[in-house]
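Going by the working numbering, 20 is the number at position 39 of the sequence shown; the sequence numbering is gapless. All C-beta atoms in this analysis are idealised placements derived from N, C-alpha and C, irrespective of residue type, glycine included. The structure appears below as structure tokens.
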Amino acid sequence: MFLFDQDEGHDPTPGLTSELVKDVSELAFQHLIERLYSTPTQITVAIGGFPQLLVRNLLE
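This is the structure we're talking about:
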């Protein structure tokens, strides 16, 4: 998911298999999501503007 080296055209760290890179990337993404959305308050803040955005886009 977040493979910045690959996105920038750099070679991955020597010795890492593509499977290991995939596993580490998935783990990093899981930790990011858990850190950002681990409490009801964080979830509410993150999606607080979604209803208004949805209605605005539907009206356009």
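Report task. Could you tell me the distance, in whole angstroms, from the CA atom of Asp(-14) to the CA atom of Leu13? Result -> 18 Å
Query - For Tyr18 and Ala27, believed in contact at Cβ under 8 Å, the rounded distance - result: 6 Å
Query raised in the report: I think Val2 touches Pro(-7), with their Cβ atoms under 8 Å apart; what is that distance to the nearest whole Å?
Result: 6 Å
Query raised in the report: For the alpha helix (DSSP H) that contains Thr25, what are its first and last residues?
Result: 21 to 28
Query raised in the report: Looking at the unbroken alpha helix (DSSP H) that takes in Pro32, where does it start and where does it end?
Result: 31 to 40
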